[in-house]
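Enquirer: These protein sequences, in sequence, are chains P and X.
The first sequence begins at 194 in the working numbering and counts up one residue at a time.
The second sequence begins at 309 in the working numbering and counts up one residue at a time.
Dropping a structure here in structure tokens format, bear with me for questions.
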Amino acid sequence: MTEIDADWRAEMRAMRANARLWLRPDAHLWIRHDADRFMHPGWREKEARLHAVARGEAPKAALASEPIPARGFSEGERRLLRAMLDDYRAIAADLKAMREELEEIEAKARHPNGYDPEQPRWPAGTPGSVGGQWSGEGGAGGNEQSTGDALPLLPAIQSVDMNTLVETVLSDASPDPVSPWTQYADAQIRIDASALTGIETIDSTTRGLTQKLASVLDKVDYLPEWTPQKYGIVVHAMFALSVRLAQFPGIGVWDVETTFGLDDDAPYGAKGSIRTDVVLRNEVGDIIAIYDVKTGGARLRAGRVRELRARTGVGPNVPIIEMQAKFGIHGKMISGPLIAKLTRLSVQRTREDW
Amino acid sequence: MSDEIYVLSDRQLGSIAEWQAAINRERFDLELSTDREFSTLSGFLGGRAAGGQVTGFECDHWTLSDLAVPGETVDFGHPWKFVLAFRFGRFSELEAAWMAASAYAAATDGIVFDPSEDKLNTPSEAAKIARGLVASPVTEADILELAKKIGLVR
């Protein structure tokens, strides 16, 4: 095949060093005249910046500091989103009231005399002459539920501050739309500035995966009979399933728990293979970010980062983003088991200055 | 998705056959694949658990410096010479990794580092964890049931 535009091809190679380059060298001739209709506003400026960096006419650092182009919400769209938010709030309030009413009806049906033999008591001999008495909520014998049977009627997403979420969507033109700490149930969720690349595709995925992980962690209770090891595996399994079902752009079913072997298309469990947690790909299938989930005190370590880069074949320009969930003691039943809940979810780009 | 544990030791075993012997001494029902050289282990190492169930885990030779995390200092109480890294994503792999790691630690007088708990386990403590996992497994059906409960699937 003739090299119709060798410069263009060289530029593409420089911009996307990991590209498999399935593109024919004259692919640009096939771009339709009305391509702008299908692209994000400001994409031409962004492409121009990428080309300038590839040609060495602009420093690489300038790319990251460029503001993200506005998504172009019109005033009408903003009004619509606000109206939808109001509707959501009204529905959420109705559902909350209905749930409370339902719980009250169920409680009355179960215990018509207001007597609940299952309610925990203070152990006999407890100081303060309360031994044998029913314990109230929040006490040592509080009504903390410890099993999955106590799942909320509404999904945990209700505890997210919808103002923050919607404002994040509306203010996407800002270079750093993520608030540093967001309250999720009782947990702090932090997307560190290092995890934000300035590349919309990656950053929006980072935000989406963070919400998804927070939601899973909020719903999966640490069952008393589980060991920390077992809990970690269950959380990972639930998150993997949840990401697969969510169908994030750039994350296919096979991009969750992907096997990277010594040969292409290595199957799960192939000799010498490694598995990544989540990889994000661009439109031509190249990996543009790697996400790694850690629970408890686990961290992404130097050896693992080296393995991930070596086996996936990505260069230092591809961010490896660590999603680290820490837990704290949430409550304690009279019988003794501890219930751990998510207390902090930190998302950060791994530093490689070992 | 994967979790990890590490065996820190001052000496290494010479072969997978020696490792298998250590596993047998602990009476664990795990058979490691022998088609790999122990000294060059990297990536997934297959095995078979009770009932012939196919399992395995990622296993790599690391050094103590590979355990580094920027900005963090970790004290392992001793400048261990060798690190064997285990990584696993499914419950059967979790069981296999803990069995293999505790047996390896016992055979090399090492310790098992569990980062999720930030805890150093003696070989006997690690073996106890392994036996606990084997005694109460989490099956694929359990995972599916939980996924249904939290509304991920119907």
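All C-beta atoms in this analysis are idealised placements derived from N, C-alpha and C, irrespective of residue type, glycine included.
This one's a predicted model, so the numbers in the text were calculated from it and none came from an experiment.
How far does the alpha helix (DSSP H) with X:F399 in it extend, from its first residue to its last?
Expert: The residue labelled residue 399 of chain X in the question sits at position 91 within the second sequence. Start and end: 399 to 416.
Enquirer: Are any of the Cβ atoms in chain X nearer than 8 angstroms to that of P:K519?
Expert: On the first sequence, residue 519 of chain P is found 326 positions in, with the first residue counted as 1. With 8 angstroms as the cut-off, P:K519 does not count as an interface residue toward chain X.
Enquirer: Would you check if there are 3 or more beta carbon pairs closer than 8 angstroms linking the segment 372 to 384 of chain X to the segment 506 to 514 of chain P?
Expert: Short answer: they don't touch.
Enquirer: What does X:E366 pair with, by DSSP beta-bridge criteria?
Expert: Stepping through the second sequence from its first residue, residue 366 of chain X is reached at position 58. X:F352, X:R395.
Enquirer: What residues are listed by DSSP as bridge partners for P:D485?
Expert: Residue 485 of chain P sits at position 292 when you count from the first residue of the first sequence. Answer by DSSP bridge pairing, in chain order: P:E515.
Enquirer: What does DSSP give as the partner residues of X:N429 in its beta bridges?
Expert: In the second sequence, the residue the question calls residue 429 of chain X occupies position 121. X:V420.
Enquirer: Go ahead and pull the three-state DSSP assignment for P:S435.
Expert: Start at 1 with the first residue of the first sequence, and residue 435 of chain P comes out as number 242. P:S435 falls in the helix class under three-state DSSP.
Enquirer: From which residue to which residue does the beta strand (DSSP E) around X:I313 run?
Expert: Residue mapping note: residue 313 of chain X aligns to position 5 of the second sequence, counting from 1. Taken as a continuous stretch (DSSP letters only), the beta strand (DSSP E) holding X:I313 covers 311 to 317.
Enquirer: Under the three-state reduction of DSSP, which class applies to X:F336: helix, strand or coil?
Expert: As a first step, residue 336 of chain X must be located in the second sequence, where it is residue number 28. Three-state result, X:F336: coil.
Enquirer: If contact is defined by three or more beta carbon pairs under 8 angstroms, each pair taking one atom from either stretch, is the segment 474 to 488 of chain P in contact with the segment 360 to 379 of chain X?
Expert: Cβ pair count under 8 angstroms is below three, so no.
Enquirer: For X:V442, decide whether its Cβ has a neighbour in chain P, counting only Cβ atoms nearer than 8 angstroms.
Expert: As a first step, residue 442 of chain X is located in the second sequence; it is residue number 134 there, counting from the start. Output row for X:V442: interface = no.
Enquirer: Who are the near neighbours of X:S350 in its chain, counting only those whose CB is closer than 7 angstroms to its CB and skipping five residues on each side?
Expert: Sequence index remark: in the second sequence, residue 350 of chain X carries index 42 (1-based). Counting only Cβ-Cβ distances below 7 angstroms, and skipping sequence neighbours, we find D368.
Enquirer: For the segment 360 to 379 of chain X, list every residue whose C-beta sits within 9 angstroms of some C-beta in chain P, in sequence order.
Expert: Those residues of the segment 360 to 379 of chain X that come within reach of chain P (Cβ to Cβ, closer than 9 angstroms) are V362, T363, G364, E366, D368, W370, T371, S373, D374, L375, A376, V377, P378, G379.
Enquirer: Given that X:V446 touches chain P, what residues does it touch there, using C-beta distances under 9 angstroms?
Expert: For the purposes of this step, residue 446 of chain X is taken as residue 138 along the second sequence, with counting starting at 1. The answer, in chain order, is W419, K423, I426, V427, A430.
Enquirer: When the Cα atoms are used, what is the spatial distance from P:E165 to P:D287?
Expert: Past the edges of chain P, shown from 194 to 547, lies residue 165 of chain P, and the structure says nothing about it.
Enquirer: Per DSSP, which residues does P:A386 bridge with? Please list them.
Expert: For the purposes of this step, residue 386 of chain P is taken as residue 193 along the first sequence, with counting starting at 1. According to DSSP, P:A386 bridges with nothing at all.
Enquirer: Hey, P:S387 and P:R542 are a contact pair by Cβ (cut 8 angstroms); roughly how many whole angstroms apart?
Expert: Position 194 of the first sequence, counted from the start, is the residue given in the question as residue 387 of chain P. Position 349 of the first sequence, counted from the start, is the residue given in the question as residue 542 of chain P. Right, the Cβ-Cβ distance comes to about 4 angstroms (below 8 angstroms), so this counts as a contact.
Enquirer: Skipping 5 residues on each side, what residues in its chain have a beta carbon closer than 7 angstroms to that of X:A455?
Expert: Along the second sequence, one-based indexing puts residue 455 of chain X at 147. The residues are V461.
Enquirer: Could you spell out the range, first to last residue, of the alpha helix (DSSP H) harbouring P:R504?
Expert: Counting from 1 along the first sequence, the entry for residue 504 of chain P is found at position 311. Its alpha helix (DSSP H) spans residues 495 to 505.
Enquirer: Return yes when the Cβ of X:W370 is within less than 8 angstroms of the Cβ of X:F346, no when it is not.
Expert: Reading the second sequence from its first residue, position 38 is the one you call residue 346 of chain X. Reading the second sequence from its first residue, position 62 is the one you call residue 370 of chain X. No, the Cβ-Cβ distance between X:F346 and X:W370 is not below 8 angstroms.
Enquirer: By the DSSP assignment, the alpha helix (DSSP H) with X:L452 in it spans what residues?
Expert: Position 144 of the second sequence, counted from the first residue, corresponds to residue 452 of chain X. X:L452 -> alpha helix (DSSP H) spans 448 to 457.
Enquirer: List, in order along the chain, the chain X residues whose C-beta lies closer than 9 angstroms to that of P:G496?
Expert: By 1-based counting over the first sequence, the position of residue 496 of chain P is 303. Within chain X, the residues near P:G496 are D368, W370, T371, S373, D374, L375, A376, V391, A393.
Enquirer: Output needed for X:A330: all residues of its chain with C-beta closer than 6 angstroms, excluding positions within five of it in sequence on either side, in chain order.
Expert: By 1-based counting over the second sequence, the position of residue 330 of chain X is 22. If we look at X:A330 and ignore the five residues flanking it on each side, its Cβ neighbours are A411, A415.
Enquirer: Can you tell me the Cα-Cα spacing of P:V486 and X:G418, whole angstroms?
Expert: Here residue 486 of chain P corresponds to residue number 293 of the first sequence, with the count starting at 1. Here residue 418 of chain X corresponds to residue number 110 of the second sequence, with the count starting at 1. So the two alpha carbons sit approximately 27 angstroms from each other.
Enquirer: In chain P, which residues lie less than 7 angstroms from X:E339 when you measure between Cβ atoms?
Expert: In the second sequence, residue 339 of chain X corresponds to position 31, counting from 1. Those within 7 angstroms of X:E339 in chain P number zero; the least Cβ separation is about 15 angstroms.
Enquirer: Would the beta-carbon of P:T399 fall within 8 angstroms of that of P:V540?
Expert: In the first sequence, the residue the question calls residue 399 of chain P occupies position 206. In the first sequence, the residue the question calls residue 540 of chain P occupies position 347. For P:T399 and P:V540, yes; Cβs fall inside 8 angstroms.
Enquirer: Pop quiz: P:L538 and P:T403 are said to be a contact at Cβ under 8 angstroms. What is the actual Cβ separation, rounded to whole angstroms?
Expert: Your numbering for residue 538 of chain P matches position 345 in the first sequence. Your numbering for residue 403 of chain P matches position 210 in the first sequence. The Cβ separation is near 7 angstroms, so the contact holds.
Enquirer: Beta-carbon of X:F384 versus every beta-carbon of chain P: anything under 8 angstroms?
Expert: The count along the second sequence starts at 1 and reaches residue 384 of chain X at position 76. So, not an interface residue.
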